[in-house]
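Everything in the sequence shown is counted per the working numbering, starting at 248 for the first residue and increasing by one.
The structure appears below as structure tokens.
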Amino acid sequence: FLKMSRGQSNISVKLAKSIQDGNHYEALQMYKTLYFRNIGQKKYETVIELMYSGATEMLKKHLTNAGTELSGLWYESLRTSQTPITKEIVENIKQLYLLYPIEKDEAKNIFVKSTMKWVLEKKDKGFERDLHGLFGVGYWKESDFANSQKHFSKSTSSSSFADMLVDWSKRGNTDEVDLFLVRAILLTLSQENVDTAKETLSLFLNQKPLDTPLTSFAQFLVLIIEMKDSYKYFDQLKKSYLPFLQRDPEFLLLLDQICLLYYKVSGSSNNNNRFGGLFQGILRGLMSDT
Numbered sequence: 248f249l250k251m252s253r254g255q256s257n258i259s260v261k262l263a264k265s266i267q268d269g270n271h272y273e274a275l276q277m278y279k280t281l282y283f284r285n286i287g288q289k290k291y292e293t294v295i296e297l298m299y300s301g302a303t304e305m306l307k308k309h310l311t312n313a314g315t316e317l318s319g320l321w322y323e324s325l326r327t328s329q330t331p332i333t334k335e336i337v338e339n340i341k342q343l344y345l346l347y348p349i350e351k352d353e354a355k356n357i358f359v360k361s362t363m364k365w366v367l368e369k370k371d372k373g374f375e376r377d378l379h380g381l382f383g384v385g386y387w388k389e390s391d392f393a394n395s396q397k398h399f400s401k402s403t404s405s406s407s408f409a410d411m412l413v414d415w416s417k418r419g420n421t422d423e424v425d426l427f428l429v430r431a432i433l434l435t436l437s438q439e440n441v442d443t444a445k446e447t448l449s450l451f452l453n454q455k456p457l458d459t460p461l462t463s464f465a466q467f468l469v470l471i472i473e474m475k476d477s478y479k480y481f482d483q484l485k486k487s488y489l490p491f492l493q494r495d496p497e498f499l500l501l502l503d504q505i506c507l508l509y510y511k512v513s514g515s516s517n518n519n520n521r522f523g524g525l526f527q528g529i530l531r532g533l534m535s536d537t
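See below:
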């Protein structure tokens with residue numbers, strides 16, 4: 248993603264050869280030495296290119312721990328140099344991620360967290376949502392539905408989100424399908440992501456038609472949130488459907504978050520729930536960015 252000088256190119260070739268020859272540990276130490284040397288000399292373009300190429304080479308050899316360590320140094324290089332986020336960098340992030348194995352891998356989880364930490368620092372919602380969509384698909388492929396939902400809820404990938412939810416709902420009881428859907432819609436709304444919530448709800452119901460009180464609630468809720476000055480309708484809707492919402496304690500907590508976000512009114516569900524602290528902790532985990 249950066250044009251290398253002849254000297255940089257030669258170093259990258261030598262390091263790549265060390266990896267190809269199986270001298271992985273030696274190569275990793277060389278990369279780390281070059282990182283500290285070039286950072287110290289403020290040769291940011293050099294160190295950014297070297298760390299990215301190193302991470303790429305390690306991941307191509309399925310050395311996920313080493314690749315993740317070098318990708319972490321790549322992010323530190325971008326951070327130290329105050330490099331702005333660009334489409335090219337995001338494409339490079341995607342290429343690195345796609346080099347990880349499809350199955351679960353702790354190093355891949357670390358990469359995802361490091362990525363989102365750097366991206367969130369840049370405060371660019373477009374790129375954030377793009378990468379959340381990528382990671383949502385990745386966790387879905389691992390059958391890690393909870394993490395997949397967390398990332399999809401912050402993305403614009405409505406079609407994939409709906410497909411994942413249909414898949415996930417097949418793993419539960421038939422009388423709980425609406426719980427899978429409504430939980431996801433509330434979580435997405437709590438991320439101030441109304442368009443994705445609306446589209447995901449529609450796409451899910453097109454695939455898997457449901458007519459339950461909870462799905463009706465979700466449809467009405469999206470319509471109300473799209474209206475201006477609609478708090479009284481929100482409050483009435485919540486009270487009308489309260490017996491159905493109590494099927495899942497998380498729903499009322501998510502609605503408190505939604506109420507505060509869209510209407511600047513503090514909810515009271517937590518005060519009426521003796522397990523409020525426990526569920527608040529669960530909710531924070533659902534909503535966290537990493």
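Ideal placement from N, C-alpha and C gives every residue a C-beta, glycine not left out.
Rounded to whole angstroms, what's the CA-CA distance from Asp-352 to Ile-266? Just pull it up for me.
Asp-352 and Ile-266 have their C-alpha atoms spaced approximately 21 angstroms apart.
Cα separation between Arg-521 and Ser-513?
Reliability fails at Arg-521, whose pLDDT of 44 lies under 50, so the model's placement of it is uncertain and no value is given.
Can you name, in chain order, every residue of its own chain whose Cβ lies under 6 angstroms from the Cβ of Ser-407, other than the five neighbours on each side?
Val-384
Between which two residues does the alpha helix (DSSP H) carrying Ile-295 extend?
291–307 is the span of the alpha helix (DSSP H), which, as asked, contains Ile-295.
By the three-class DSSP mapping on this structure, what secondary structure does Arg-494 have?
coil
According to DSSP, is Arg-418 helix, strand or coil?
Of the three classes helix, strand and coil, the one that applies to Arg-418 here is coil, per DSSP.
Could you name the residues of the same chain whose beta carbon sits closer than 8 angstroms to that of Ile-258, not counting the 5 residues immediately before and after it, in chain order?
Leu-281, Leu-297
Alpha helix (DSSP H) containing Pro-456: first to last residue?
Where Pro-456 is concerned, there is no enclosing alpha helix (DSSP H), given that its DSSP letter is neither H nor E.
What did DSSP end up calling Pro-348 once you bin it into helix, strand or coil?
When DSSP states are grouped into helix, strand and coil, Pro-348 belongs to the coil group.
Does DSSP put Gly-269 in a helix, in a strand, or in coil?
coil
In chain order, what are the residue ranges of uninterrupted alpha helix (DSSP H) at least 4 long that sit wholly in the segment 350–398?
Note on the segment 350–398: whole alpha helix (DSSP H) runs with a minimum of 4 residues are 353–369, 372–388, in chain order.
Tell me the DSSP secondary structure of Leu-281 in three-state form.
For Leu-281, the three-state secondary structure derived from DSSP is helix.
Going by C-alpha to C-alpha distance, which of Lys-475, Leu-412, Gln-288 sits closest to Asp-391?
The shortest Cα separation from Asp-391 among Lys-475, Leu-412, Gln-288 belongs to Leu-412.
What number of angstroms, rounded off, separates the C-alpha of Tyr-478 from the C-alpha of Leu-457?
27 angstroms
How would you call Phe-248, buried or exposed, if buried means at least 16 neighbouring beta carbons within 10 angstroms?
With a pLDDT of 45 at Phe-248, under the threshold of 50, the modelled position of that residue is not reliable, and the figure given next carries that caveat. By the 10 Å Cβ count, Phe-248 comes out exposed.
What separation, rounded to the nearest whole angstrom, lies between the Cα atoms of Leu-452 and Thr-459?
Whole-angstrom Cα-Cα distance: 11 angstroms.
Among Gln-493, Lys-290, Ala-444, Leu-450, which one has its Cα closest to the Cα of Ser-541?
Within the shown structure, residues of the chain are numbered from 248 to 537, placing residue 541 beyond reach of any answer.
Less than 7 angstroms separating the beta-carbons of Lys-369 and Ile-332?
yes
Over the uninterrupted alpha helix (DSSP H) stretch that includes Tyr-322, give me the two end residues.
311–327
When we look at the beta-carbon of Tyr-232 and count the other beta-carbons within 10 Å, is it buried (16 or more) or exposed?
Here the chain comprises residues numbered 248 to 537, so residue 232 is not present and cannot be evaluated.
Between the CA atoms of Leu-499 and Pro-493 - distance to the nearest angstrom:
The amino acid at residue 493 is misidentified as Pro; the sequence shows Gln. Whole-angstrom Cα-Cα distance: 7 angstroms.
Look up Ile-332 in the DSSP assignment and say whether it is helix, strand or coil.
Of the three classes helix, strand and coil, the one that applies to Ile-332 here is coil, per DSSP.
Distance, Arg-376 Cα to Lys-264 Cα:
The C-alpha of Arg-376 is placed about 37 angstroms away from the C-alpha of Lys-264.
Quick one: is Gln-396 buried, meaning 16 or more other Cβ sit within 10 Å of its Cβ, or exposed?
Buried, since its Cβ has 16 or more Cβ neighbours within 10 Å.
Tell me, to the nearest whole angstrom, how far the beta carbon of Ala-302 is from that of Leu-275; I am working on the premise that it is less than 8 angstroms.
Actually they do not touch by this definition, with Cβ atoms about 11 angstroms apart.
In its own chain, which residues sit with a C-beta less than 8 angstroms from the C-beta of Val-543, not counting the 5 before and 5 after it?
Outside the displayed range of the chain (248 to 537) lies residue 543, so it cannot be described from this structure.
Pick from Leu-262, Met-305, Arg-326 that is closest to Tyr-347, judged by C-alpha positions
Relative to the Cα of Tyr-347, the nearest Cα in the group Leu-262, Met-305, Arg-326 belongs to Met-305.
Within 7 angstroms, strictly: CB atoms of Thr-315 and Phe-283:
no
Can you tell me the Cβ-Cβ gap for Leu-278 and Leu-317, rounded? I've got them flagged as a contact below 8 angstroms.
Residue identity differs from the one stated: residue 278 is Tyr in this sequence, not Leu. The Cβ separation is near 6 angstroms, so the contact holds.
Smallest Cα separation from Ile-336: which of Leu-378, His-309, Glu-350, Lys-475?
Leu-378
From which residue to which residue does the alpha helix (DSSP H) around Gln-466 run?
460–473
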